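Novice: Numbering (this note's numbering), first residue to last: 8 to 142.
Even for Gly, the Cβ is constructed at its ideal location relative to N, Cα and C.
Bear in mind that the values here come from a model prediction, so they are computed numbers and not experimental data.
The structure is given below, and queries will be raised subsequently.
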């Protein structure tokens, strides 16, 4: 068995990267997801809107690999504006729960000067374990 590229059905092709890679050991590596949709179009210029879209993108990749929100073990957030994140934590939390429910994996947040896509305000990468042993 080789590693498998994970690309949700109907998404515009990733160019020069993979949205997800499912390793032979069941670990799914989700590349940084930003606030654009399946057509790679930003529908929101708002921090919370982009955060929710990025989380929905992550969940779509995890589901395409056969998992769900509860399989996500790590999220790394990259934000361009620490003050906005802090001021809107309640809204971010509500958006998070709409997508991920009350599943809270290990998380790290990093403040960055910018992201590759100029319109992006947040980028989130994830690691999930798909089909792991039952406890």
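#1: Can you tell me the Cα-Cα spacing of residue 135 and residue 61, whole angstroms?
#2: Are residue 87 and residue 42 touching if we call contact CB-CB under 8 angstroms?
#3: Report yes or no: is there a C-beta of chain B within less than 8 angstroms of the C-beta of residue 70?
#4: In whole angstroms, give me the CA-to-CA distance for residue 66 and residue 45.
#5: Once you ignore the five residues that flank residue 116 on each side, which residues in its own chain have a CB closer than 7 angstroms to its CB?
#6: Do residue 15 and residue 68 have their CB atoms nearer than 8 angstroms?
#7: Compute the Euclidean distance between the alpha carbons of residue 81 and residue 36, then round it to the nearest angstrom.
#8: Out of 138, 53, 39, which has the shortest C-alpha to C-alpha gap to residue 64?
#9: Mapping DSSP to helix, strand and coil, what is residue 38?
#10: Would residue 72 be called buried (16 or more neighbouring beta carbons within 10 Å of its own) or exposed?
#11: What is the DSSP secondary structure of residue 87, counted as helix, strand or coil?
Specialist: Per the coordinate set shown:
#1: Taking C-alpha positions only, residue 135 is separated from residue 61 by approximately 16 angstroms.
#2: With contacts defined as CB atoms closer than 8 angstroms, residue 87 and residue 42 fail to qualify as a contacting pair.
#3: As a matter of chain content, chain B is missing from the structure shown, which is built from one protein chain.
#4: Rounded to whole angstroms, residue 66 to residue 45 spans 13 angstroms at the Cα level.
#5: Same-chain partners within the cutoff: 84, 86.
#6: Result yes, Cβ atoms of residue 15 and residue 68 sit closer than 8 angstroms.
#7: Rounded to the nearest angstrom, the gap between the Cα atoms of residue 81 and residue 36 is 10 angstroms.
#8: Closest option to residue 64, Cα to Cα, is 39.
#9: The DSSP-derived three-state label of residue 38 is strand.
#10: In summary, residue 72 is buried, with 16 or more beta-carbon neighbours lying within 10 Å of its beta-carbon over all protein chains present.
#11: Secondary structure at residue 87: coil, using DSSP grouped into helix, strand and coil.
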